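Counting in my numbering, the sequence shown runs without a single skipped number right up to 534 at its last residue.
Virtual Cβ for every residue (Gly too), placed ideally from N, Cα, C.
On a predicted model such as this, the values are computed, not experimentally measured, just so you know.
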Amino acid sequence: MTKAKREKAAKWLRDSAAVRCPDWCVGGHRTGDHPVDRRHFSRWEYQFRPVLMAPKIFRPRKDGSGLHDVSSWKLEVYVAQGWQQFEPRIEIMSDSGDKPIGEGIKLTLRDARKLRAALGKALEVAQSS
Ligand SMILES: [Zn+2]
Numbered sequence: 406m407t408k409a410k411r412e413k414a415a416k417w418l419r420d421s422a423a424v425r426c427p428d429w430c431v432g433g434h435r436t437g438d439h440p441v442d443r444r445h446f447s448r449w450e451y452q453f454r455p456v457l458m459a460p461k462i463f464r465p466r467k468d469g470s471g472l473h474d475v476s477s478w479k480l481e482v483y484v485a486q487g488w489q490q491f492e493p494r495i496e497i498m499s500d501s502g503d504k505p506i507g508e509g510i511k512l513t514l515r516d517a518r519k520l521r522a523a524l525g526k527a528l529e530v531a532q533s534s
């Protein structure tokens, strides 16, 4: 099934307040999507494991054994847009599992530009000597 055919089935996308599915969206929208999930997500996604942050997460097992499960985690950067939001957001999420789903940093495009500028300046300072 093509992307266009799947989206035709999602009634919420035909709402007059809905944002048209952007070209950058992975699509796959359905009429039964929970309102929270009525979002466009980018195909593009950047994932990496920050070296200076704890690369492993220790979770206590629920069996009362006192043992822990260990797993690694990463940061994910992608573009998303709520079905009624006028512009996309840049979202930076960790998949560490120690936060509720969807908790992370969500930036407007304007704020993302500020962060880009700040990171650029920080790199200049850090690399000068
Ligand atoms: Zn979409």
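query: Is it true that the region 468-478 meets the region 510-519, where meeting means three or more beta-carbon pairs spaced less than 8 Å apart?
result: Judged by Cβ distances under 8 Å, the region 468-478 makes no contact with the region 510-519, as fewer than three pairs qualify.
message: Quick check on the contact list: which residues have their beta carbon closer than 6 Å to a heavy atom of ligand 1?
response: The set, ordered by position in the chain, is 426, 430, 432, 434 and 445.
message: Going by beta-carbon coordinates alone, are residue 453 and residue 480 separated by less than 7 Å?
response: Counted from its first residue, the sequence shown places residue 453 at position 48. Counted from its first residue, the sequence shown places residue 480 at position 75. Contact: yes.
- prompt: When you compare each of 438, 443, 439 and 437 to residue 425 by their alpha carbons, which one comes out closest?
  reply: For this step, residue 425 is matched to residue 20 along the sequence shown. Among 438, 443, 439 and 437, the Cα nearest to that of residue 425 belongs to 443.
field: Residue from 448, 526 and 464 with nearest C-alpha to residue 495
entry: Working through the sequence shown from its first residue, we reach residue 495 at position 90. Per the Cα distances, 448.
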